[in-house]
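Student: Remember, my numbering sits 30 above the position in the sequence shown when you count from 1. From the three backbone atoms N, C-alpha and C, an ideal C-beta is built for every residue, glycine too. All of these numbers come straight from a predicted model, not from anything done at the bench.
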Amino acid sequence: MSINENQLKKPLIILTGPTAVGKTALSIKLAKAVGGEIVSADSMQIYRHMDIGSAKITPEEMEDVPHHLIDVLEPTEDFNVVRFQQMAKEAMAGIYGRGRIPVLTGGTGFYIQAVLYDIDFTENEENTPYREELERLAMEKGNACLHQMLREVDAASAKAIHENNVKRVIRALEFYRLTGEKISEHNEVQRSRDAAYNACYFVLTDKRERLYERIDKRVDGMLAAGLVEEVAALMQMGCTKDMVSMQGLGYKEILSYLNGEIPLERAVYLIKRDTRHFAKRQLTWFRREKDVIWVPKDEMGYREEDILRFLTEYVKEKTERGR
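Here it is in structure tokens:
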């Protein structure tokens, strides 16, 4: 009799879904119900001083549930999926050590995938002579030159990586030079791996029109709460448009307004429009994922107690099967 493979894997709960669907409040209830601690899978809430535009959970809203990967980096620091994976795994090791269950919550699908499947990005932190050569080439001949080089050796990566994302273009070229393998093929193999955890992968959803209405109200609430003032303060700290932190929805548009590039009304329109587009892309991403458990709020009558009961019963059944 073969051992159930899940018996050898640690439990992990994932609660995700499109922006503004209501993940935060539900994640608190779920963590309390299962004895969990929350690990944020959000590319913006990691930053200090960026509270309003990231819809960051407040200490009061946490209700004494421990949260990880929130308010730990300065806006001037770079943050990417490789760094997220390292930090999330460290946080999860501590959670398991305390005999509790990690609840991975947030809407950044690639971050969730990186943890769930323990993707090996084979990140080489050391500067190689070839990397330095490529950096010089980018400065001398421009980003398009490097992007064309990538297109010639790895068309799939060139299609996926914008030519202005010079770091990723260089990384893909360097990977090809060092290994003889296309990084796009390497990452595809990694993504097809089995889950590294005995996971419950919940995706909270709602009707599109209701979700879009919530997005518009959230943006209006952010402006009323002082989003413009928050971005102005970040500018005073030296934050600029080319920083990773300032690429977040709400921040780059208000930055354009404060720089005199567009009127405030246009900035608000763009935030709402692009956030709706982002929610649509998030749902497309989650539909491609394996083993997703869809949690449609509308079909559950928007009854929070019923939604929570469904989640907790599923978790209990899955963890018991994995023992």
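Using a 10 Å radius around the Cβ and a threshold of 16 neighbouring Cβ atoms, would you call V298 buried or exposed?
Tutor: Working through the sequence shown from its first residue, we reach residue 298 at position 268. By the neighbour-count rule (16 or more Cβ atoms within 10 Å), V298 is buried.
Student: Given a cut-off of 8 Å, decide if A254 and S214 are closer than it, judged by their beta-carbon atoms.
Tutor: Mapped onto the sequence shown, residue 214 falls at position 184. Mapped onto the sequence shown, residue 254 falls at position 224. In this structure, A254 does not lie closer than 8 Å to S214 by Cβ.
Student: Below 8 Å CB to CB, which residues in the same chain sit around A263 once its five sequence neighbours on both sides are set aside?
Tutor: Taking the sequence shown and counting its residues from 1, one reaches residue 263 at position 233. Excluding positions up to five away in sequence, the list reads H79.
Student: Please report the distance separating the alpha-carbon of K327 from that of S70.
Tutor: Start at 1 with the first residue of the sequence shown, and residue 327 comes out as number 297. Start at 1 with the first residue of the sequence shown, and residue 70 comes out as number 40. Computed Cα separation, rounded: 22 Å.
Student: Report yes if the CB atom of G47 is closer than 8 Å to the CB atom of L234, and no otherwise.
Tutor: Here residue 47 corresponds to residue number 17 of the sequence shown, with the count starting at 1. Here residue 234 corresponds to residue number 204 of the sequence shown, with the count starting at 1. Contact: yes.
Student: Taking 7 Å as the limit between beta carbons, can you name the residues of its chain near R161, skipping five residues before and five after?
Tutor: Residue 161 sits at position 131 when you count from the first residue of the sequence shown. So the qualifying residues of the chain are I200 and E204.
Student: Going along the chain, which residues of its own chain have a beta-carbon closer than 8 Å to the beta-carbon of S32, five neighbours each way excluded?
Tutor: Mapped onto the sequence shown, residue 32 falls at position 2. Confidence is the limiting factor: at S32 the pLDDT is only 39, short of 50, which leaves the residue's position unreliable and the question unanswerable from this model.
Student: Measure the C-alpha to C-alpha separation of T138 and K310 and round it to an integer number of angstroms.
Tutor: Locating residue 138 in the sequence shown gives position 108, counting from the first residue. Locating residue 310 in the sequence shown gives position 280, counting from the first residue. Their Cα atoms are separated by approximately 13 Å.
Student: When the distance is taken between beta carbons, is E67 closer than 8 Å to P132?
Tutor: As a first step, residue 132 must be located in the sequence shown, where it is residue number 102. As a first step, residue 67 must be located in the sequence shown, where it is residue number 37. Contact flag set, yes.
Student: When you compare the CB positions of I402 and H97, do they come within less than 8 Å of one another, or not?
Tutor: Nothing can be reported for residue 402, as the shown portion of the chain is limited to 31 through 353.
Student: Here's the rule I'm using: 16 or more other beta-carbon atoms within 10 Å means buried, otherwise exposed. How should P41 be labelled?
Tutor: Translated into positions along the sequence shown, residue 41 becomes position 11. So P41 counts as buried.
Student: With three or more beta-carbon pairs closer than 8 Å as the criterion, would you say the segment 172-190 touches the segment 232-246?
Tutor: Flag = no, the segment 172-190 and the segment 232-246 do not touch.
Student: Could you tell me if R318 is buried or exposed, where buried requires 16 or more neighbouring beta carbons within 10 angstroms of its beta carbon?
Tutor: The sequence position of residue 318 within the sequence shown is 288, counting from 1. With fewer than 16 Cβ atoms within 10 Å of its Cβ, R318 is classed as exposed.
Student: Rounded to whole angstroms, how far is the Cβ of I323 from the Cβ of C230, which I believe are closer than 8 Å?
Tutor: Taking the first residue of the sequence shown as 1, we reach residue 323 at position 293. Taking the first residue of the sequence shown as 1, we reach residue 230 at position 200. That pair is a contact at about 6 Å.
Student: Could I get the ranges of all uninterrupted beta strand (DSSP E) runs contained in the segment 131-204, with 3 residues as the minimum, in chain order?
Tutor: Qualifying beta strand (DSSP E) stretches, in chain order: 131-135.
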